[in-house]
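Written below as structure tokens is the structure these notes are about.
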Amino acid sequence: MKITHYQSPSYNYLIRTTRLITTSFFQGSTVKFQPLLALGLTILATSTQAFAGATLDRIEQKKELVGVLMESYPPFSFLNDQNQLDGFDVDVAKAVADKLGVKLRLETPSWDVIAAGRWSGRYDICICSMTPSKARAEVFDFPVEYYASPAVIVVNATNDSIHSAKDLSGKKVGLTSASSYESYLNKNLVIEGAEDTQLQYPFENVQIAPYDTDNVAFQDLGLGAGVRLDAILTNLVTAQPRLNEDKRFKLAGEPLYSEPNSVAIEKGDAQWDAKVRDVFAQLKQDGTLSKLSQKWIGADISK
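Written as structure tokens, this is what we have:
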């Protein structure tokens, strides 16, 4: 179903009209065009204020929330055995639609399309594990962080010498190359969206072993403590299913840091921003986010 992006009057039309008025003002008589210029600017300002509530108005009018996410990003969003979208982000989107009292329609364009923003009313919300950044903040507002991605230390189950980050000193640690984990061990990590976070680096002389994927790193760690690796740095979200199924591995200590993942909406709609904040406050308070996190991740990573 195609959703019409309702703006009355047309926002782009008013911009063009005001530009025409302004051009005429400078090319012709100042006295003649001053009232017209003032009128055009007043209409544009009024339209801009109305545009700020366009998303919520559209959702309430259509009785439909249009969400956007990735088709293949388990356990957050993926096609299940029935070829239906499933996962943590999918269930969160359903919960948001329920709170709004509308039906949900999910679309799965490419990540480039999602992250580029400027949706022009095609989509209402991205509950799609987006990490905020300064560049993205130019086209998106991020009303709320709804979960965090904790970085954790995984060791062989027989390892009894690594219990926290300080115990990584002098150890050989596997990780995905060019990842935040590598930056962390190099002591130069900057978390996008949380640049002011003060990270602790209580280790020295860590031997970094980069891998193309976690799978190979886990294979090497599974050979035994210290055989090829002493530990792995990875994401709790992706590591948890493996930890649940393969008793050769265990967590060591508390998470090292977390990267925020936020809901994203088109920039400049204060009314919709406030509504999203309110809905997620309800989902947090009533335990929905925590329950869905436990269901899909096996741990509570909700914010």
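Position one of the sequence shown corresponds to residue -6 (this note's numbering), numbered consecutively onward. By construction, the Cβ of each residue, glycine as well, lies at the ideal position given by its N, Cα and C atoms.
N-terminal and C-terminal residue of the alpha helix (DSSP H) that residue i is part of
i      : result
Thr231 : Leu229 to Glu238
Leu282 : Thr281 to Ile290
N- and C-terminal bounds of the beta strand (DSSP E) containing residue i
i      : result
Leu216 : From DSSP, Leu216 is part of no beta strand (DSSP E); its letter is neither H nor E.
Pro143 : Glu138 to Asn149
Ala243 : It is worth fixing the name first, because residue 243 is Lys in this sequence and not Ala. Note, Lys243: beta strand (DSSP E), Phe242 to Leu244.
Ile118 : Ile118 to Met123
Pairwise C-alpha distance: residue j and residue i
i      : j      : result
Ile184 : Met63  : 22 Å
Thr190 : Gln75  : 42 Å
Arg235 : Ala108 : 30 Å
Gly110 : Gly60  : 13 Å
Ile242 : Gly46  : A small correction: the amino acid at residue 242 is Phe; Ile does not occupy that position in the sequence shown. Each residue's Cα considered, the two are about 50 Å apart.
Leu58  : Pro67  : 22 Å
Gly215 : Phe71  : 28 Å
Ile202 : Thr124 : Note that residue 202 is Ala in the sequence shown, not Ile. Each residue's Cα considered, the two are about 26 Å apart.
Ser157 : Phe196 : 10 Å
Arg129 : Ile225 : 30 Å
Gln278 : Asn198 : 44 Å
Asn254 : Tyr139 : 6 Å
Lys165 : Ala210 : 11 Å
Ala88  : Val220 : 46 Å
Asp86  : Leu97  : For clarity, residue 86 is Ala in the given sequence; the question names Asp instead. Roughly 8 Å between the two C-alpha positions.
Glu53  : Gln287 : 31 Å
Asp207 : Arg51  : 43 Å
Asn152 : Gln77  : 41 Å
Ser283 : Trp289 : 10 Å
Ile155 : Asp213 : 17 Å
Ala218 : Leu168 : 16 Å
Ser126 : Ala257 : 11 Å
Thr227 : Trp265 : 35 Å
Glu131 : Ala263 : 15 Å
Ser122 : Pro102 : 15 Å
Trp104 : Phe133 : 15 Å
Leu49  : Val106 : 22 Å
Gly80  : Ile120 : 11 Å
Val95  : Asn149 : 48 Å
Val83  : Gly163 : 42 Å
Lys55  : Asp223 : 56 Å
Asp293 : Leu244 : 15 Å
Leu161 : Tyr204 : 18 Å
Ser65  : Thr231 : 14 Å
Residue i - partner residues in DSSP beta bridges
i      : result
Phe133 : Glu259
Glu252 : Ser142
Leu276 : Looking at the DSSP assignment, Leu276 forms no beta bridge with any residue, so it has no partner.
Ser295 : Tyr140
Chain C contact for residue i (CB, 9 Å cutoff)
i      : result
Met123 : The question asks about chain C, but that chain is absent: this structure has only one protein chain.
Beta strand (DSSP E) runs wholly inside the region 36 to 107, at least 3 long, in chain order
57 to 61 and 96 to 100
Fully enclosed by the region 153 to 223, which alpha helix (DSSP H) runs are 4 residues long or longer?
173 to 178 and 207 to 214
Counting beta carbon pairs with one atom in the region 245 to 265 and one in the region 134 to 154, are three or more of them shorter than 8 Å?
yes
Would you call the region 105 to 122 in contact with the region 190 to 210, where contact means no fewer than 3 C-beta pairs closer than 8 Å?
no
Stretch-stretch touch, CB-based, cutoff 8 Å, three pairs: the region 160 to 179 with the region 262 to 282
Taking 8 Å as the limit for Cβ pairs, the verdict is that the region 262 to 282 does not touch the region 160 to 179.
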